[in-house]
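Written below as structure tokens is the structure these notes are about.
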Amino acid sequence: MKQFDRKSGTAYLYELVAEMGQYDDRINLGIGDPDFDTPQHIVDATRDALGKDGAEYSPVEGLIDLRIAVSERVKRVNDIDVDPHTEVLITNGGQEAVFLMLQAFLEPGDEIIMPAPNYHSYYDGIEFAGAKKVEVITHAEENFRVFPERIAERITDRTRAIAFVSPNNPTGAVISPEDTLEICRMAQEHDLILLADDIYDMYTYYGAKHTSPASLPGMKERTVTLNAVSKSYAMCGWRCGWIVGPASMIEVLKRRKAAMSGPCSVASQRGALAALTGSQDCIADMREAYERRGRVVTDALDEIGVPYGTPYGGQYVFFDITPTGYSSAEVAKRILSDAHVLVYPGFAFDDDRSMRITFLQSEEVLREAMERVKKAMEGLL
Ligand SMILES: Cc1ncc(COP(=O)(O)O)c(C=O)c1O
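Quick note: the sequence shown, position 347, residue 1038 per the working numbering, numbers continuous.
Here it is in structure tokens:
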């Protein structure tokens, strides 16, 4: 009989979350869900929509008001020019956007170059598309920098696309403007598509600068860029995101979205519209808090004495556990059972050398959690 599925890294993470439930004093530094509340004006707009047009279908590509707001946002923040009528697709969060892009632009046998470790959904999506991931491994001691020349070495005549996730989950690396330029130059030289994931674009620290590949000359026609309100506005549960790109590529994505999930919920879209068009103060507040929180984690890792990549962006610190001699699943189990703290094992991100810690809790909670992690790690080093 056909075997239907194998267990993915994502499924293992859900198992750990379930196991954590038995501890009353648990601290979750696994899941990427901010502890901030969604700003009230966004909640209000969503609630109001439920009493108005919230029960209706929107067009598959999304409400035109929201598509206009997205086009203005990507111009303002990312310097990407798009026509809201043909070059924006509203999605069910960033997650659906990742899956759609991989399904739409990869054929069985195609190769996609992927700096690794990377967000685990890419691995599943590539597998479901029947494509092959070609990893360019990045390292903690190099702050997980993505070297363009290492990408160049992996390009073959089967290469179809490059995944460009910056700031990165789980490494916190931000691809510099110079490296972005060079990667884009290679994409043009070899006629490759760029799948750009801007989901953490509001969250860069220590002066790091994010550049959207689609903003560079000659890149718009070969780049699709995803984003979502989940991380920027503490709206993970709203499930609303977008993809922008050339009309021909958006059309291909839209067909698949129509078949897979239809349009995004109208109430969520109204909330996203309020987020994009209302006060942006919450983003600055969260960014400052994350930079301080990231430092609480890295200070503790310095005390523990394990290498890590400085989080120049995103919401995570990826630290190296090779000095323990244990696998990342074993270390995750030990930290969970000894410290009652959930930290994700790197193997779920295709990297068994490391663990991922989120800094989405208050500094106080992070200090307590890292004190416990330190004790648990002492038993492993
Ligand atoms: C790099 C990256 N892309 C996409 C997503 C999916 O985002 P969403 O929560 O909006 O589905 C995530 C979520 O953690 C992510 O880290």
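Using N, Cα and C, we set each Cβ at its ideal position, and we do this for glycine too.
Query	Result
Across the region 813-823 and the region 831-839, are there enough close Cβ pairs to call them in contact, namely three or more that are closer than 8 Å?	no
Rounded to whole angstroms, how far is the Cβ of Val837 from the Cβ of Asp889, which I believe are closer than 8 Å?	Incorrect: roughly 15 Å between the Cβ atoms, too far for contact.
Distance check for Pro861 and Gln786, CA to CA, integer angstroms please.	15 Å
Can Cys955 be considered in contact with ligand 1, in the sense that its beta carbon sits closer than 7 Å to one or more heavy atoms?	no
So does Tyr924 have its beta carbon nearer than 7 Å to some heavy atom of ligand 1?	no
Consult DSSP for Glu706 and reduce its assignment to one of helix, strand or coil.	helix
How about Arg851 and Glu912: do their beta carbons lie closer than 8 Å?	no
By DSSP, does Gly784 sit in helix, in strand, or in coil?	helix
Helix, strand or coil for Lys693 per DSSP?	Residue placement at Lys693 is poorly supported in this model, since its pLDDT is 47, which falls under 50; the coordinates are not used for a value here.
In the DSSP output, what is Trp929 paired with across the bridge?	Trp929 pairs with nothing; no bridge assigned.
For Asn809, which three-state DSSP category applies?	coil
So that I know if they touch, is there some Cβ in chain B lying closer than 8 Å to that of Ala736?	The question asks about chain B, but that chain is absent: this structure has only one protein chain.
If I measure Cβ to Cβ from Pro839 and keep anything under 7 Å in the same chain, skipping five residues before and after, which residues do I get?	Asp870, Glu873, Ile874, Met877
Assuming Pro858 and His901 are in contact, meaning their beta carbons sit under 8 Å apart, how far apart are those beta carbons, in whole angstroms?	6 Å
Hey, is Val1034 close to ligand 1, as in C-beta under 7 Å from one of its heavy atoms?	no
For the candidate residues Gly996, Leu791, Val957, Arg1063, whose alpha-carbon lies nearest to that of Gly745?	Val957
Could you pull out every unbroken alpha helix (DSSP H) segment of at least 4 residues lying fully inside the region 815-841, listed in chain order?	none
Where does Thr1049 land, buried or exposed, given buried means 16+ other C-beta within 10 angstroms?	buried
Compute the Euclidean distance between the alpha carbons of Pro908 and Val765, then round it to the nearest angstrom.	16 Å
So is the beta-carbon of Tyr896 under 7 Å away from any non-hydrogen atom of ligand 1?	no
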